[in-house]
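Chemist: In terms of my numbering, the sequence shown is residues 195 to 680.
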Amino acid sequence: MTGFHSIIGNSITVQCCSPNANPNPSCPVHPSCFPIFVPANDPVFGPLGTTCMEFVRSKPAPVTGCSLRIRVPVNGVASYIDASHMYGNKDSDAARLRSGSGGMLKINDSPLIKAQNVVMVPGGSDALACVAPSPDRKCVDAGDIRVNLHTGLVALHSLFLREHNRIAQFLFTRLPGATDETTFQMTRKIVGAMVQHISYKEMIPLILGRRLYNDGRNGVALRDTGYSNSYNPDVDATVTVEFAAAAFRLHTLAGNELPVLQDNGTETPFFLHFFNPNMWYKAGVLDQLIAGMARKRAQNFDVDFSFVFQNQMYKPPNRSTGFDQLAMNVQRGRDHGVPTYLQMRKFCGLPPINSLSDLERVTSPQNAANLASIYKNINDVDFFAGGMSEKPVNGEGLSGPTFACILTEQFRRLKNGDRFFYENENVFTPSQLQEIRKVSLATIMCLNSPINNVQARVLEAHSATNPLMSCQDIIARSSMRLDAFL
């Protein structure tokens with residue numbers, strides 16, 4: 195579910211603001227600098243004298259030939275949903291992460307982790323803004339280096355690493371003539387299929403809403419039985435900038451805390467988890483977080499970002515503020531040349547909005563008033579700001595009609611343009627495919643963490659229609675028969 199967010203690496207290499215958070219005099223002449231200027235009356239940054247927020251443009255794709263064209267950003271990861279966040283995008287990535295024995299992945303060998311008898315992603319070099327505080331508390335390594343962003347990502351990467359090694363251990367001891375290579379490749383294929391299945395069965399219906407998801411014209415829904423015949427070699431699965439820079443930026447769902455308890459019984463502020471190995475290596479934190487993320491309700495999908503994500507993103511320990519993720523999302527859209535909100539509505543064939551007052555047809559009166567106070571003209575409204583403000587399609591799901599248009603098209607192409615998508619013929623046998631269809635994120639959590647109960651649809655809050663179940667029941671109902679892959 196992650197893998198599509200904007201590249202962070204470039205954002206911390208070129209300095210567009212001076213150390214005291216004022217515009218750098220050299221800024222106007224540096225082509226990569228695109229800082230966000232902060233108004234003096236900002237309620238959080240203003241009293242601190244902050245007038246400039248760091249923002250570095252994404253690396254552009256090279257231009258071929260002599261013709262001029264728009265600047266297109268480089269996508270640093272694979273477009274396909276293929277568990278590359280675990281295995282990387284190159285053979286050299288996978289080689290670095292493999293243990294070299296039994297088809298398994300490397301695990302963290304810190305004595306602090308060994309003493310807890312838990313499995314965590316391996317230690318690695320300092321990366322992004324992560325600096326190891328000690329040899330026993332290294333930054334971590336995975337297929338996506340952004341695993342170092344915060345503890346939640348470390349926990350989720352560790353959960354899927356455990357699942358990979360669990361499957362590999364089973365296959366290696368039972369497959370006739372199994373080698374490290376054959377076991378790794380088969381396990382990677384299975385885990386990649388599981389990630390695809392969970393994405394399309396559990397995540398995407400929540401984002402789009404069930405009616406849009408199940409509408410056969412959209413080509414997104416999975417089959418219950420048999421193979422899919424939807425693969426089309428002419429479908430381009432490339433991730434669009436409108437998807438990556440706006441429609442699939444879900445930061446609004448994050449709250450101010452992560453479900454890791456402090457000594458006083460309260461949850462830990464989110465900003466303490468950014469690039470912080472001291473937190474990752476604490477006893478019990480990873481498994482506490484895995485259980486807590488299933489229990490904790492997400493924030494509403496709207497323009498009201500949590501305080502941390504609007505004022506303290508990537509906050510260093512010696513400062514009271516960090517970045518404003520909402521402002522960065524808007525700026526990233528401008529950096530990537532994303533069309534305006536009205537242009538995207540027209541592209542999607544949606545009814546036109548002719549004035550700021552017309553916005554009340556698609557959003558709340560308060561959101562319409564806020565947009566009218568920020569933008570002088572309806573034609574200026576950024577795609578991210580306008581799309582985030584819309585009411586959900588059909589009153590269900592998360593996204594409004596303009597975002598849903600982009601998301602539906604992208605998820606369709608990611609499925610129908612991938613010849614290795616798990617439902618396609620010749621990828622798995624019919625019996626193997628049916629085993630993969632049993633899997634849920636709750637299954638993986640129950641098999642690879644010490645939780646005792648969880649709701650079956652773990653991405654949804656537990657309720658009368660999604661009650662807590664014992665892990666014993668979940669495993670009995672929805673775990674794969676691994677001998678189907680022998």
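Here a beta-carbon is modelled for each residue, glycine too, at the ideal position from N, C-alpha and C.
Quick caveat, the model's predicted, so the values are computed rather than measured.
1) Just to confirm the assignment, what range does the alpha helix (DSSP H) spanning His379 have?
2) Would you mind stating whether Val497 and Phe464 have Cβ atoms separated by less than 8 Å?
3) Counting along the chain, where does the beta strand (DSSP E) carrying Glu156 start and finish?
4) Checking the sheet assignment: what are the DSSP bridge partners for Arg331?
5) In this structure, does DSSP put Arg292 in helix, strand or coil?
6) In terms of residue numbering, what span does the beta strand (DSSP E) encompassing Met663 cover?
7) Got a sec? Which residues, its chain only, sit under 7 Å from Ala658 by beta carbon, not counting five neighbours each side?
8) At the level of alpha carbons, what is the spacing between Ala323 and Met314?
9) Evaluate Leu662 with the Cβ neighbour count: other Cβ atoms within 10 Å of its Cβ, from every protein chain shown; 16 or more gives buried, anything less gives exposed.
10) Tell whether a beta-carbon distance below 8 Å holds between Val433 and Ser252.
11) Based on DSSP bridge pairs, tell me the residues matched to Gly318.
12) For Asp576, collect the residues of the same chain with a Cβ closer than 6 Å to its Cβ; drop the 5 residues on either side in sequence, then sort them by chain order.
13) From Thr377 to Gly297, what distance separates their C-alpha atoms?
14) With burial defined as no fewer than 16 other Cβ atoms inside 10 Å of the residue's Cβ, what is the status of Arg491: buried or exposed?
15) Mapping the DSSP letters down to three states, classify Thr623 as helix, strand or coil.
16) Could you pull the start and end residues of the alpha helix (DSSP H) that Val414 belongs to?
17) Within its chain, find whatever has a CB closer than 8 Å to the CB of Arg360; leave out the 5 residues flanking it on each side and keep chain order.
18) Who are the near neighbours of Glu396 in its chain, counting only those whose CB is closer than 7 Å to its CB and skipping five residues on each side?
19) Would you say Ser664 and Thr637 are within 8 Å of each other, going by their C-beta atoms?
20) Pull up the distance between the alpha-carbon of Gln493 and that of Leu444, whole angstroms please.
21) On the DSSP bridge list, what partners appear for Met247?
22) For Asn342, which of helix, strand or coil comes out of DSSP?
23) For the beta strand (DSSP E) that Glu461 lies in, which residues bound it at each end?
24) Whole-angstrom Cβ separation of Val414 and Lys609, contact assumed at under 8 Å?
25) Taking the beta strand (DSSP E) that Asn647 belongs to, which residues open and close that run?
26) What number of angstroms, rounded off, separates the C-alpha of Asp667 from the C-alpha of Glu590?
27) Take every Cβ of the segment 412-431, pair it with every Cβ of the segment 243-251, and state whether three or more of those distances are shorter than 8 Å.
28) Run through the DSSP bridge pairs and tell me what Thr534 is partnered with.
29) Whole angstroms is fine: what's the gap from Ser446's alpha carbon to Ile600's?
30) May I ask which residues mark the beginning and end of the alpha helix (DSSP H) holding Val524?
31) I'd like to check one pair, Gly516 with Met686: are the Cβ atoms closer than 8 Å?
32) Consult DSSP for Glu590 and reduce its assignment to one of helix, strand or coil.
33) Among the residues of its own chain, which have a CB less than 8 Å from the CB of Pro290, if the five just before and after it don't count?
34) Compare the C-alpha of Asn512 against each of Ser549, Phe541, Gly486 and Leu466 and name the closest.
35) Apply the 10 Å Cβ neighbour rule to Ile307 and answer buried if 16 or more other Cβ atoms are within range, or exposed otherwise.
36) In terms of residues, what are the limits of the alpha helix (DSSP H) holding Ser673?
Modeler: Here's the rundown:
1) Taking the first residue of the sequence shown as 1, we reach residue 379 at position 185. Note that residue 379 is Gln in the sequence shown here, rather than His. Asp374 to Ile392 is the span of the alpha helix (DSSP H), which, as asked, contains Gln379.
2) Start at 1 with the first residue of the sequence shown, and residue 497 comes out as number 303. Start at 1 with the first residue of the sequence shown, and residue 464 comes out as number 270. No, these two residues do not count as a Cβ contact at 8 Å.
3) Residue 156 lies beyond the range of the chain shown here (195 to 680); nothing can be said about it.
4) The sequence position of residue 331 within the sequence shown is 137, counting from 1. Answer by DSSP bridge pairing, in chain order: Ser328.
5) Sequence index remark: in the sequence shown, residue 292 carries index 98 (1-based). The answer is strand: DSSP assigns Arg292 an E or B state.
6) Locating residue 663 in the sequence shown gives position 469, where the first residue counts as 1. Looking at the DSSP string, the run of the beta strand (DSSP E) that includes Met663 is Leu662 to Ser664.
7) One-based indexing of the sequence shown puts residue 658 at position 464. Excluding the 5 residues flanking it on each side, Ala658 has no same chain C-beta neighbour closer than 7 Å.
8) Here residue 323 corresponds to residue number 129 of the sequence shown, with the count starting at 1. Here residue 314 corresponds to residue number 120 of the sequence shown, with the count starting at 1. Across the structure, Ala323 and Met314 are spaced so that their CA atoms are roughly 20 Å apart.
9) In the sequence shown, counting from the first residue as 1, residue 662 sits at position 468. Exposed is the label assigned to Leu662, since fewer than 16 other Cβ atoms lie within 10 Å of its Cβ.
10) On the sequence shown, residue 433 is found 239 positions in, with the first residue counted as 1. On the sequence shown, residue 252 is found 58 positions in, with the first residue counted as 1. In this structure, Ser252 does not lie closer than 8 Å to Val433 by Cβ.
11) In the sequence shown, the residue the question calls residue 318 occupies position 124. Answer by DSSP bridge pairing, in chain order: Cys333.
12) In the sequence shown, residue 576 corresponds to position 382, counting from 1. Correct list, in chain order: Val524 and Gly527.
13) Taking the first residue of the sequence shown as position 1, residue 377 is located at position 183. Taking the first residue of the sequence shown as position 1, residue 297 is located at position 103. Their backbone Cα atoms lie some 5 Å apart in a straight line.
14) Here residue 491 corresponds to residue number 297 of the sequence shown, with the count starting at 1. Exposed: under 16 other Cβ atoms inside 10 Å.
15) Within the sequence shown, numbered from 1, the residue matching residue 623 stands at position 429. In this structure, Thr623 counts as coil in the three-state DSSP scheme.
16) As a working note, residue 414 is residue 220 in the sequence shown. No alpha helix (DSSP H) contains Val414, which DSSP labels as neither H nor E.
17) Working through the sequence shown from its first residue, we reach residue 360 at position 166. Counting only Cβ-Cβ distances below 8 Å, and skipping sequence neighbours, we find Leu641 and Asn642.
18) Mapped onto the sequence shown, residue 396 falls at position 202. Hits under 7 Å: Ser634, Leu635, Arg651 and Leu653.
19) On the sequence shown, position 470 is the one that residue 664 refers to. On the sequence shown, position 443 is the one that residue 637 refers to. Cβ atoms of Ser664 and Thr637: not closer than 8 Å.
20) Indexing the sequence shown from 1 puts residue 493 at position 299. Indexing the sequence shown from 1 puts residue 444 at position 250. Rounded to whole angstroms, Gln493 to Leu444 spans 10 Å at the Cα level.
21) Here residue 247 refers to the residue found at position 53 when the sequence shown is read from its first residue. DSSP, once it has assigned bridges, lists Ile230 as partnering Met247.
22) Within the sequence shown, numbered from 1, the residue matching residue 342 stands at position 148. The answer is helix: DSSP assigns Asn342 an H, G or I state.
23) Start at 1 with the first residue of the sequence shown, and residue 461 comes out as number 267. Looking at the DSSP string, the run of the beta strand (DSSP E) that includes Glu461 is Glu461 to Pro463.
24) Position 220 of the sequence shown holds residue 414. Position 415 of the sequence shown holds residue 609. Rounded, the Cβ-Cβ distance is 7 Å, consistent with contact.
25) The count along the sequence shown starts at 1 and reaches residue 647 at position 453. First-last of the beta strand (DSSP E) with Asn647: Asn647 to Gln649.
26) The residue you call residue 667 lines up with position 473 of the sequence shown. The residue you call residue 590 lines up with position 396 of the sequence shown. Approximately 29 Å, taken between the alpha carbons.
27) no
28) Start at 1 with the first residue of the sequence shown, and residue 534 comes out as number 340. DSSP output for Thr534 lists Asp576 as bridge partner(s).
29) Residue numbering aside, residue 446 sits at position 252 when the sequence shown is read from its first letter. Residue numbering aside, residue 600 sits at position 406 when the sequence shown is read from its first letter. With the sequence shown as reference, residue 446 is identified as Thr, and Ser is not the correct amino acid for it. Going from the Cα of Thr446 to the Cα of Ile600 covers about 18 Å.
30) Numbered from 1 along the sequence shown, position 330 holds the residue referred to as residue 524. From DSSP, the alpha helix (DSSP H) with Val524 extends over Gln519 to Asp529.
31) Because the chain spans 195 through 680 in this model, residue 686 falls outside it and cannot be assessed.
32) The residue labelled residue 590 in the question sits at position 396 within the sequence shown. Correct three-state label for Glu590: coil.
33) Counting from 1 along the sequence shown, the entry for residue 290 is found at position 96. Strictly speaking, residue 290 in this sequence is Arg, with Pro absent from that position. Gly282 and Asp335, listed in sequence order.
34) Locating residue 512 in the sequence shown gives position 318, where the first residue counts as 1. For the residues Ser549, Phe541, Gly486 and Leu466, the minimum Cα distance to Asn512 belongs to Leu466.
35) Position 113 of the sequence shown holds residue 307. So Ile307 ends up on the buried side.
36) Numbered from its first residue, the sequence shown carries residue 673 at position 479. Here Ser673 belongs to no alpha helix (DSSP H), and DSSP marks it neither H nor E.
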